[in-house]
Every structure is written in structure tokens, then in C-alpha cells.
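Beneath this line is the structure, given in C-alpha cells, with notes to follow.
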Amino acid sequence: MDCISKKEIKKFAQQIGIDLVGFASPDCLKNYKNFLEERKNLGYSCSIEERDIQKRISPEFILPEVKSIIAIALSYNVEYEVKYYSRSFGIVSRSSWGIDYHKVLKEKMEKLCEFIRSRCQGVKTAFLVDNNPLLERTIAYHAGIGWFGKNGLIINDEYGSYIFLGEILINKYFAPDTPQKSKCGDCELCIKACPTKAIVKPYIVNANRCLSYVTVKKGEIEEDLLRKLGRKIYGCDTCQEVCPFNKKAKKVKRQEFTPDKLLPRHDLIEILNMTNKDFKEIFGPTSSSWRGKSIIIRNAIIACVNIGEKTCVEPIKNLLKSQSPIIRGYSAWALSYLCDKEKIAEEIKELLVKERDEFAKEMMIKAINRLKG
Ligand code: SF4
Ligand code: SF4
Numbered sequence: 530m531d532c533i534s535k536k537e538i539k540k541f542a543q544q545i546g547i548d549l550v551g552f553a554s555p556d557c558l559k560n561y562k563n564f565l566e567e568r569k570n571l572g573y574s575c576s577i578e579e580r581d582i583q584k585r586i587s588p589e590f591i592l593p594e595v596k597s598i599i600a601i602a603l604s605y606n607v608e609y610e611v612k613y614y615s616r617s618f619g620i621v622s623r624s625s626w627g628i629d630y631h632k633v634l635k636e637k638m639e640k641l642c643e644f645i646r647s648r649c650q651g652v653k654t655a656f657l658v659d660n661n662p663l664l665e666r667t668i669a670y671h672a673g674i675g676w677f678g679k680n681g682l683i684i685n686d687e688y689g690s691y692i693f694l695g696e697i698l699i700n701k702y703f704a705p706d707t708p709q710k711s712k713c714g715d716c717e718l719c720i721k722a723c724p725t726k727a728i729v730k731p732y733i734v735n736a737n738r739c740l741s742y743v744t745v746k747k748g749e750i751e752e753d754l755l756r757k758l759g760r761k762i763y764g765c766d767t768c769q770e771v772c773p774f775n776k777k778a779k780k781v782k783r784q785e786f787t788p789d790k791l792l793p794r795h796d797l798i799e800i801l802n803m804t805n806k807d808f809k810e811i812f813g814p815t816s817s818s819w820r821g822k823s824i825i826i827r828n829a830i831i832a833c834v835n836i837g838e839k840t841c842v843e844p845i846k847n848l849l850k851s852q853s854p855i856i857r858g859y860s861a862w863a864l865s866y867l868c869d870k871e872k873i874a875e876e877i878k879e880l881l882v883k884e885r886d887e888f889a890k891e892m893m894i895k896a897i898n899r900l901k902g
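Mapping the sequence shown onto our numbering, position 354 (from 1) lands on 883, and the numbers just tick up by one.
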């Protein structure tokens, strides 16, 4: 008799709070080489994606003996009423509500692996969440977790697309589950709603134009994208919010993904005034902290400009002397939109003389030129 069945794994996973489990063959990614090459050639892959295509389709680079992949999913569609405490708020994506999902999923997968090991001696596993080169959504699709929506996300009939994905590579064979065909039909709501037209055609997303990436991108953001960010300070939920499958998706009671100190509509001025200690307390426990404080403050500065929020001016003026060149540069940029022209131009000119960072200098020069009109 075999040491463990798929049914037993699914049952245990359910007991420890994993919503969905499926099984895929490690070879399921092999046919995606051309797709990835085409994406790369068209300029649709972004800087945080693994550049080595072979690594993206080869689970054996992570676990050489891999024979199956166990795909898991956890819904983060928590029951929670979003409240608006201030007029000057920035929007935090649902994926960053509550505790960092990497931690939550890893703990659950660790328990699942322990359970499998307790039944099958010598079994080898490796578990992954997000920060790995493999095509996670494609694995989830082949494992029958859900089907591909036109926004490139995995949609499950019961939970919609608000699901976190994880994978366990294992050196034991399980028969793969069956992938499901797309159920989007004629719907194009996500394509129409995308603020940057990042969904270039059904199922194809240009990651460089996707605001989820733009909010974590380092360096300068193109002016047209920057304007489309609106109030978004981390991630983008627009294409998921309009999806009919999310409107009818099951809600879950999950404390881990319920907002705590970081609110879904967080006060921008509080963010602009944040100390390192505040950042650690507010953003530290969530998945939005990985790019650091400067990127979040930069996004808050951009949001202030996008909503024309004059109460942000004083905190942004203080940030002109920040230790971060990104923040100094974007503060100058923002003040050129939000302030009385002549006075602020003089202030920026004075700082420009002392500025040593090339990026900050460039942003200050652009701000001064804009102020000259
Ligand atoms: S996450 Fe936002 S920017 Fe990205 S494809 Fe969806 S709607 Fe467009
Ligand atoms: S919004 Fe419509 S087209 Fe887009 S993923 Fe949902 S069902 Fe598919």
C-alpha cells in the first residue's frame, strides 16, 4: 500500500486551514518556454521577474528529484468593512492586509510537509511562495486550483481570484489533477477597467505597465504611469474588483489577513511623517514592507499630487531634506505641482546646489523647469 494518498493530503490540508489543494506534474511548465521568450521580446517582463527562462520552467533546479508539485491556495477575501478615516488617504491592496502571506503560507506548508514526512519515510520536499522563479500561476492552473482569467490571474469558482498561491515540490509521484478552461466568455471588464491598459490582450499582461509592479519599482516612474496610480500606495486591485467571479466569491473569516495597523485606506500624512520605528510597526508585519520605507513614502508623495492634497505640502517640504535621494527627488517634483510657484522654486534651487545624488538632482531640475512654466 502507498504511504499516503492525495485524498489524505487534501483532508489534512483542509484541517490546517488550506482552502485549495491540487497536484501537477513538474513537466507542466516545459511548454511555456516560447511564451516566456515572446513576453520578454515584447518587453512585457519586469525587473523583479527571473531573467533566466530555463529557471522559470524547471522545478528540478530547486529539487532535483522532484516528481510532483502540490499546489495550494488560501483565500484572502476576508469579511471586512473598509472605512475612510481621513480625506487624504492612500489605498493599500487587499493582498497586503494583515500579516505577510509568505509567513502564513510557509507555516501551513511546513505543517503539511511534516504530515507527509510522518507517513512517508525519506520523502524530500521544498516549499515555495511567490519569491521563486517558477511560473506559480501556471502550476496552479495545471493543478486544477482554478482557471486563467483574462487579467492573467487564477480564478477559482468558489473563492474567485483573491487567493494566495504556494507550491510544494516533492520527490513522490501523484497523478496530476485536471486543468479547467477559462470561464471569462465574452466578459472584458478587467481589460476595460485597467487604468494603464496593461492587459494588452486577453490573458496577456505587460508587467511593466501593471500598477502592482509600478508601486514597487525602484527609480523613476514614467509620468503617464505615475498619474494613473491615483491614490494607490501599494499594489492594484482594480482588475480583480470588477471581476464578476470576485463579486460572488465566498468570504472568509481569517484573522491573519484582516487589516491591523496598516489600514486599507491609510492616512497619507501619517505615512509622510513616518519614522523608521513607525514604518516597522505599521508596514513591517505586512507584505508591503519588502521594498522598504522610501518606496512607500515615494508612493504616498505621488498620491498627494494625484489627489491635489494641499495638506500634504508641509510634510513633503520636510522630506526635501530626507536621507533618501528618491524621496528628495519626488518631494521636489510634488511641490512643483502643489505649491506657490516662485517661493518653492527658490527653496528647491538652494537645495539643488548642495545635492550630490544624480537622480535627486534631475528631479529637482525638472521641478524648477516646470515652475518656470
Ligand atoms: S493589477 Fe491594476 S494595473 Fe495591473 S493589470 Fe490589473 S488593473 Fe491593470
Ligand atoms: S473581469 Fe471578466 S474577463 Fe476579466 S477575469 Fe473576470 S470574468 Fe474574466
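Ideal Cβ placement from N, Cα and C applies to all residues, glycine included.
Worksheet item: So what's THR767 in DSSP terms, helix, strand or just coil?
Response: Three-state result, THR767: helix.
Margin query: Quick check on the DSSP output: the alpha helix (DSSP H) that includes ILE873 runs from which residue to which?
Written below: Residues 870-883.
Identify whether ALA753 lies in helix, strand or coil by the three-state DSSP scheme.
-> As written in the sequence, residue 753 is Asp, which differs from the Ala given in the question. Of the three classes helix, strand and coil, the one that applies to ASP753 here is helix, per DSSP.
* Asked: Is the stretch 637-657 close to the stretch 595-605, with three or more CB pairs under 8 Å?
  -> Segments in contact, yes.
- Message: Could you compute how far the alpha carbon of ILE720 sits from the alpha carbon of PHE541?
- Response: In a straight line, the C-alpha of ILE720 is about 38 Å away from that of PHE541.
* To do: Out of CYS772, GLU876, LYS747, GLU770, point me to the one whose CA is closest to ILE826's CA.
  => Comparing Cα positions, the closest option is LYS747.
- Message: Let's test the definition: count the other Cβ atoms within 10 Å of the Cβ of ASN685 and tell me whether it reaches 16, buried, or not, exposed.
- Response: ASN685 counts as buried, since at least 16 other C-beta atoms from the protein chains shown sit within 10 angstroms of its C-beta.
- Let me know if LEU571 comes out buried or exposed under the rule of 16 or more other beta-carbons within 10 Å of its beta-carbon. For LEU571, the number of other beta carbons within 10 angstroms of its own is below 16, and it is reported as exposed.
- What are the partner residues of HIS795, as DSSP defines its beta bridges? For HIS795, which the question treats as bridged, DSSP gives the partners GLY619.
Query - Neighbourhood of SER617 by C-beta, 8 Å cutoff - its chain only, sequence neighbours within 5 removed - result: Counting only Cβ-Cβ distances below 8 Å, and skipping sequence neighbours, we find ASP796, LEU797, ILE798, CYS833, ILE836, GLU838, THR840, CYS841.
Cα separation between GLU879 and ILE697? Those two C-alpha atoms are separated by around 56 Å.
| query | Near ligand 2, which residues have their beta-carbon less than 5 Å from any of its heavy atoms, given in chain order? | reply | Selection output, chain order preserved: GLY678, LYS679, ASN680, CYS713, CYS716, LEU718, CYS719, CYS772.
(request) Please report the Cβ distance between GLU594 and ASN700, rounded to the nearest whole angstrom; I am assuming they are in contact, meaning their Cβ atoms lie under 8 Å. (result) Right, their Cβ atoms sit about 4 Å apart.
Query raised in the report: Cα-Cα, which of ALA861, TYR866, LEU867 is closest to ILE877?
Result: The residue with the shortest Cα to Cα distance from ILE877 is ALA861.
- [ ] Rank ASP706, LEU663, LEU864 by C-alpha distance to the C-alpha of ALA522 and give the top, closest one.
- [x] In the structure as shown, the chain begins at 530 and stops at 902. Residue 522 is therefore absent and cannot be evaluated.
Exercise for the section: Give every residue of the same chain whose Cβ lies closer than 8 Å to the Cβ of ILE582, excluding the five residues on either side of it in the sequence, and list them in chain order. Expected result: Closer than 8 Å at Cβ, skipping near neighbours: LYS562, LEU565, GLU566, LYS569.
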